[in-house]
Amino acid sequence: MASLVDLAAIDSKVGNGVTIETWPHPTGPTIKADTNIFPLLKDQKAKSFIPQVYEDDSVFKDETLLLELFLDILRDLDGEEVSSQVKKCYTIAAAYSESLNLNVLNDLISFIDGLPPANSILIASAFSHMLNLENLAEEVQMALRRRSDVKTGELGDEGNELTESNFTETLAKLLKLGKSKEEIFEALKSQSVDLVLTAHPTQSVRRSILRKHSKIKSTLLRLHENASTLRPNDIKEIVEELHRQIQAAWRTDEIRRVQPTPQDEMRAGMSYLTETIWNGVPRFLRRVDTALKSIGIEERLPYSCKILQFSSWMGGDRDGNPNVTSSVTRDVCLLLRLMAANLYYSQIEPLMFELSMWRCSSELREKLQSTNQDVTRRGSVKHYQEFWNVIPPTEPYRIILGMVRDRLFNTRERLMHLLQGGISPIQESETFTSAEQLMEPLELCYRSLCETGDKIIADGTLLDYMRQVTCFGLGMARLDIRQEAERHVEALDAITQHLEIGSYKQWSEEQRLEFLVKELQSKRPLIGPYPVGNADVREVLDTCRVVGELPSDSFGAYVISMSTVPSDVLGVHLLQRECGVKKPLRVVPLYERLQDLMNAGDNLERLFAIDWYRKQINGKQEVMIGYSDSGKDGGRLSAAWALFQAQANVVKIAEKYNVKLTLFHGRGGTIGRGGGPTHLAILSQPPGTVNGSLRVTIQGEIIEQSFGEEHLCFRTLERFTAATLEVGLNPPKPAKPEWKTLMDEMCAVATEEFRRVLHDKRFLGYFHSGTPVLEYGRMNIGSRPSKRRTDQGIGSLRAIPWVFAWTQTRIHLPVWLGVGAALKYAIEKDPANLDVLRQMHRGWPFFRVTLDLIEMVFAKGDVRIAMLYEKMLVSEEFQTLGEEIRANFQNTRDLLLKVADIPRTLDNNPALKQRIILREPLTTPLNVQQVITLKKMREMFVLGAPPASDVQTIRDVVTLNSDSSYAPGLEDTLILTMKGVAAGMQNTG
């Protein structure tokens, strides 16, 4: 078949003469069944076609086992033809990855273009599944490697002192730096890490498949953890279980056929809280106790210490999402409270079994005597598994806990009635309404056990239970409310116009502040309960009313996105008061565009200068900084520097007014949205900005990578806690003034270059036609629209689809655009600056982190794949811009390598380089299939769908998208390729 694109043109134009970096693609012998730990492989029918690229043979064995099992499943269920086509695609793609020979790529294009629709879907799905299996094998190996490193006291490829540290290592490091054990203990007791789970649509994998992936990981871990004791039949049974789990994932539809609701997102996100985090927190805190004991601190971490907290945006984040309403927020809060009540209730009877002691303190005995023991109502006896008869008076702890059980039962029943919209026959006084009420009887039992010599028992399950109450409260995770600043302006404008005192929207900032301060100091209400304004305004007011109606411990912060001026903050305070919020939520301005970040310090100072405001915040202030929109506004380098400076500025202002500041980091998962290694990111913050208090978002696919499995959950909690403690007691040294001056100059150049390209009249056409951004919404991976507004400009596009689209084409433009111009400027201004930049890279964690992450993205890029999209999808009038972008890509990469002083990307990180190499032959076919599918869909949009008689043989998999407006199979194929490429970019940063 003739090529769909003139690849000779690509060969002649790519990079404008700049050489393309190529990596040797090592090949090795396929795995031999008689030498690996999985003897059953010798019975497998498929033969490995994946080249060995790992020095660590166990990694290769895991991947080979999973992939060979999958290929056998594919052949048995879908036929030899499909299996052979998958292998042929891989073989051609591997040859291309090794040689970058465009004739080979042309062979791949021709082969994929000739596939029937049903086979095309299956092959796209197969490569997507194989990439997910690669990720699972990698995650298992990383977990095993880390465990091995902990046992030996060494750090392997996955970690070094800059990017990884466990809690014990952190304590040893701090002691070595001269910190006393008492100083460390006091700092730990006072620190707080709040992890905020969000529903941002970056997790493209369905929850059903994620659960199956989790089972695959657990089963694979069993092979390694028990390898020395497993018998041949044990291994056969485990491998058979793997086969069953992989087949279950393969037979599950990968595609979300219906867009999720905010409630669906909440249930999916909160499942991590119930399945791994709930038990992971007490387990981790017990490890903290053990680590403290190793340095001579015999005292346990007090159960009242809130060193870990969890919050959520799922059901509270209404920024541009019309699907999140006040009723949704109410339902989500009640659901979260019901989840918590269920979990506490499920654990109370095991605790009653454990606390069978008869000795107790006089305090506890007096409590029993003063309380009329209310034995469980006979009507609800059936709900209790044990202890439903009268508890003997000789078992005082069981009596106390029995009362707790009864009240938890009532709490749960009342919440279910409220969720159903009815009136509960259970009175609120018969339930728990605050964590303090639940903690009181538990503390009584704890004190009594300690007093009677049973402290070791008190420090068992009871302590774990109390720590869960401290961490999760009765609300499970505190729900943040997030709304765009302009929506509050519209609400206040409706109020002032209703009162006929003018238009708030038309007032200057000074006029707004004067009005807001006057009203906040007044005791009279501004508006009554009657409706004011249009539907959007009423929704803002209704949200505040729901906050006032529900228990205050259900909520965390009120975050104002796109915050620009001090009146944004005061306006929300006034709206809360007018809507009857007795315990107002802390109001958190979110600064996310470059100019807003630059003005953050000044805005904060103007707020602190207001007497009413200083009294209102009681010496505490939270400020959120946004990584996503700032990167879209000025590029990754400029955004990183603006974020760094904004943090330093707001900390100075807070210190001036003696206010304790908490910085809330709105980090995404990808590099373009602020992602990167947790430990390294925290340690690279400006001095004094963490200071024992940290709040950070855990978004999209990062939730699964952080909490999808018990060990991952433990490591996530350890990373955040250890890094926060370390940077609090050992802040990074300030950067040299000349380094900051050079960064200012470089970022000015970077921003100018970034905006120059985006404002080019060719850019919008190039972006919309050369990437799948317009098709992004078909994936149904989030409940909110991909745009804040309906216009087609870049400004209205959310950061997630902006980054996602460029990741699909392998050019990763948002991450590096502007960096090359900045580095070139510095070196051309003074050749000696090259040495200065190298010093900055070696001695300044912030600069090192920023450049190393960009380097990693270059390693995953492929300008020839990007050009394939351009040649097949972009009209000639926009293609000249593509040539400029590709030349910029390679020039930037070369300058970055010069500063890092390495010949090729990731030469200093061979483990990561190997992972990327291994994924290339699995990702490239998906890129090719995606671009071919996009071309067909867009031509069909113009020409109309072909008649049914012209459509090739259709199998049952095609009927899943029978309601599509395109030819059978096209839409599903596109979605599967987007999911697959996203999987190919995971586990590689």
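Taking the working numbering, I'd label the letters of the sequence shown as residues 43 to 1031.
Every residue, glycine too, gets a C-beta built ideally from N, C-alpha and C.
- Fewer than three beta-carbon pairs drawn from the region 362 to 372 and the region 501 to 509 are found closer than 8 Å, and the two stretches are therefore not classed as touching.
- Here the alpha carbon of His459 sits roughly 40 Å from the alpha carbon of Arg401.
- By the neighbour-count definition (other C-beta atoms within 10 Å, threshold 16), Ser670 is a buried residue.
- In the structure shown, Thr704 falls within a strand segment according to DSSP collapsed to helix, strand and coil.
- Comparing alpha-carbon positions, the option among Ser256, Ser234, Arg249 and Arg286 lying closest to Phe112 turns out to be Arg286.
- In the DSSP assignment, Ser605 falls outside any alpha helix (DSSP H), carrying neither H nor E.
- Spatial neighbours of Leu480 in its own chain (CB-CB distance under 6 Å, excluding positions within 5 residues in sequence) are listed in chain order as Phe474 and Val511.
- Of the candidates Asn691, Trp654 and Lys657, Asn691 places its Cα closest to the Cα of Asp644.
- Using a Cβ distance threshold of 8 Å, Leu457 and Leu385 do not count as a contacting pair.
- Secondary structure note for Gly668: its beta strand (DSSP E) is the uninterrupted segment Lys662 to Gly668.
- Remark: three or more beta-carbon pairs, one from each stretch, lie closer than 8 Å, so the region 435 to 449 and the region 476 to 494 are flagged as touching.
- In the structure shown, Ser404 falls within a helical segment according to DSSP collapsed to helix, strand and coil.
- Counting only runs of at least 3 residues, the region 110 to 185 fully encloses no beta strand (DSSP E) element at all.
- If one requires a minimum length of 4 residues, the alpha helix (DSSP H) runs lying completely within the region 847 to 896 are 855 to 858, 861 to 871 and 875 to 885, in chain order.
- The three-state secondary structure of Thr739, taken from DSSP, is strand.
- For Arg524, no alpha helix (DSSP H) encloses it; the enclosing beta strand (DSSP E) starts and ends at Arg520 to Glu526.
- Asp675 is classed as buried because its beta carbon has at least 16 other beta carbons within 10 Å across all chains shown.
- In terms of Cβ geometry, Gln233 and Gly734 form a close pair [threshold 8 Å].
- Between Ala519 and Ser353, the CB-CB gap stays under 8 Å.
- In chain order, Leu568 and Ile569 place their CB closer than 8 Å to the CB of Leu541, counting only its own chain and leaving out the 5 sequence neighbours on each side.
- Listed in chain order, the alpha helix (DSSP H) runs fully inside the region 238 to 296 are 249 to 267 and 274 to 292, counting runs of at least 4 residues.
- Around the CB of Ser748, 16 or more other CB atoms lie within 10 Å, so the residue is classed as buried.
- Looking at the DSSP output, Phe597 sits in a beta bridge with Leu521.
- DSSP places Tyr633 in the strand class (E or B) of the three-state scheme.
- For Gln351, the enclosing beta strand (DSSP E) has its first and last residue at Leu350 to Ser354.
- At the C-beta level, Thr316 and Met381 come within 8 Å of one another.
- Residue burial annotation: Ala160 is buried, with at least 16 other C-beta atoms found within 10 angstroms of its C-beta.
- The beta carbon of Leu1016 sits closer than 8 Å to those of Pro814, Glu817, Arg820, Gln972, Thr975, Leu976 and Met979, all from its chain and outside the five residues before and after it, given in chain order.
- Shown here, Arg379 sits in a helix according to DSSP, grouped into three states.
- Met508: member of the alpha helix (DSSP H) spanning Leu505 to Phe514, first to last residue.
- If you draw a 10 Å sphere on the C-beta of Asn875, you find 16 or more other C-beta atoms in it, and that means buried.
- Around Glu962, the same chain offers Ser139 as residues with beta carbons nearer than 7 Å, after the five sequence neighbours per side are excluded.
- Below 8 Å, enough C-beta pairs join the region 684 to 703 and the region 635 to 653 to call them touching: three or more.
- Its chain contains Thr212, Ala229, Leu230 and Gln233 as the residues whose beta carbon lies nearer than 7 Å to that of Leu767, once the 5 sequence neighbours on both sides are disregarded; these appear in chain order.
- For Gly750 against Ser256, the beta-carbon gap comes to about 6 Å, under 8 Å, which counts as contact.
- Looking from the CA of Gln687, the closest CA among Ala536, Leu627, Trp781 and Val769 belongs to Trp781.
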